[in-house]
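K.L.:
At the far end of the sequence shown sits residue 297, using my numbering, and the numbering has no gaps.
Yeah, the Cβ is synthetic: ideal placement off N, Cα and C, and Gly gets one too.
Before we start, here is the structure in question, set down as structure tokens.
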Amino acid sequence: MFSKSVSALAAIAFLGVLPGPRQASSQTSQKKPTKNEVAVAHARERVLAILREENGCTAWFREADPDAAGVFESLQIGIAKKKQEFVQRTTNERGEHSYRHPWGGRSNQMAGPGSLVQVNPDGPFFTVTLPVVETRPGGQILFFGGFRILTVGGFPGDSPEAQTTILLHELAHVIGRIPEDDDSWDGRSSRNTDEVLRNCRGEIVETAQRASHASR
């Protein structure tokens, strides 16, 4: 989950860009959505449900943009091309492990309304577990090390809470509510997620619970 410039070619390569209601086309409406596209659409609805209410999360976003809900509604959310992902693990001289999970979402810092957001089809938005590979500094793979559960701020991957958190994280980049981060080992992305959850955890959990009850 990180903010990174997305080139025009990358945008063209999106699989299943999901326009907001204002950009819906007849071609999109005729195409049967995939399971992943449906998951993104439901996550979009949960985020909008949060941002259209008066709550602490909405107030936090409005400090950066008074129309945070309108900005989010205008975003083009796309599913990136599928590729094999792993959880990378490094081990220091004391035998202590550090892990790096694959990215969940990407966006342009301060991109504003109508900009593009990518979600990773093999990241925590859709995936619960991935293989672990032991790596050396620089990324050289040494050996396979089992499997690891993916999480987003403590929420398991492929959960409504994780998906909502990822989209709120990317909105925070788009309007400049959190600083730029990337998928390096420095932990900036995780710290940014923690900041989003510090202000929005309650609303994320409540909205996921409401959606679950409504679907029964």
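Could you give the DSSP three-state label for His123: helix, strand or coil?
P.N.:
Counted from its first residue, the sequence shown places residue 123 at position 42. DSSP places His123 in helix when its eight states are reduced to three.
K.L.:
Within the continuous beta strand (DSSP E) that includes Phe224, where are the two ends?
P.N.:
To locate residue 224, count along the sequence shown from 1; it is residue 143. It spans Ile222 to Ile230 - the beta strand (DSSP E) in which Phe224 sits, taken as one unbroken run.
K.L.:
Considering only their Cβ atoms, is the gap separating Ala161 from Pro114 smaller than 8 Å?
P.N.:
Here residue 114 corresponds to residue number 33 of the sequence shown, with the count starting at 1. Here residue 161 corresponds to residue number 80 of the sequence shown, with the count starting at 1. Their beta carbons are not under 8 Å apart, which means Pro114 does not touch Ala161 by this criterion.
K.L.:
Looking only at its own chain, which residues have a Cβ that is under 8 Å from the Cβ of Cys281, when we skip the five neighbours before and after it?
P.N.:
To locate residue 281, count along the sequence shown from 1; it is residue 200. The residues are Ile131, Gly137, Cys138, Trp141, Thr246 and Leu249.
K.L.:
From what residue to what residue does the beta strand (DSSP E) around Gly186 run?
P.N.:
Taking the first residue of the sequence shown as position 1, residue 186 is located at position 105. Run containing Gly186: Gly186 to Ser188, per the beta strand (DSSP E) assignment.
K.L.:
Our contact map puts Glu251 next to Val286 with C-beta atoms below 8 Å; I'd like the distance itself, whole angstroms only.
P.N.:
As a position in the sequence shown, residue 251 is number 170, starting the count at 1. As a position in the sequence shown, residue 286 is number 205, starting the count at 1. For a cut-off of 8 Å, the C-beta gap from Glu251 to Val286 is around 19 Å, too long to register as a contact.
K.L.:
In the structure shown, what three-state DSSP assignment does Ile158 receive?
P.N.:
Within the sequence shown, numbered from 1, the residue matching residue 158 stands at position 77. Three-state DSSP puts Ile158 in a strand.
K.L.:
Going by DSSP in three states, Ser270 sits in which element: helix, strand or coil?
P.N.:
Residue 270 sits at position 189 when you count from the first residue of the sequence shown. In the three-state DSSP reduction, Ser270 falls in the helix class (H, G or I).
K.L.:
Under 8 Å Cβ to Cβ from Asp275, same chain only, skipping five residues before and after it: list those, please.
P.N.:
Counting from one through the sequence shown, the residue named residue 275 turns up at place 194. Taken in chain order, the residues that qualify are Gly234.
K.L.:
So, for Arg103: in the same chain, excluding its five sequence neighbours on each side, which residues have a beta-carbon less than 6 Å away from its beta-carbon?
P.N.:
On the sequence shown, position 22 is the one that residue 103 refers to. With a pLDDT of only 49 at Arg103, under the threshold of 50, the placement of this residue in the model should not be trusted, and no figure is reported.
K.L.:
Run through DSSP, which three-state label would Phe95 get?
P.N.:
Position 14 of the sequence shown, counted from the first residue, corresponds to residue 95. Legend: pLDDT at Phe95 = 41, less than 50; position of this residue unreliable, no value from coordinates given.
K.L.:
Could you check whether the Cβ of Gly204 sits closer than 8 Å to any Cβ belonging to chain D?
P.N.:
Absent from the structure: chain D. Only one protein chain is present.
K.L.:
Can you have a look at His294 and say buried or exposed, based on whether 16 or more other CB atoms are within 10 angstroms of its CB?
P.N.:
Locating residue 294 in the sequence shown gives position 213, where the first residue counts as 1. Flag for His294 reads exposed.
K.L.:
Rounded C-beta distance between Ile259 and Val152? I'm assuming under 8 Å.
P.N.:
Indexing the sequence shown from 1 puts residue 259 at position 178. Indexing the sequence shown from 1 puts residue 152 at position 71. At roughly 14 Å, the Cβ-Cβ gap does not stay under 8 Å, so Ile259 and Val152 are not in contact.
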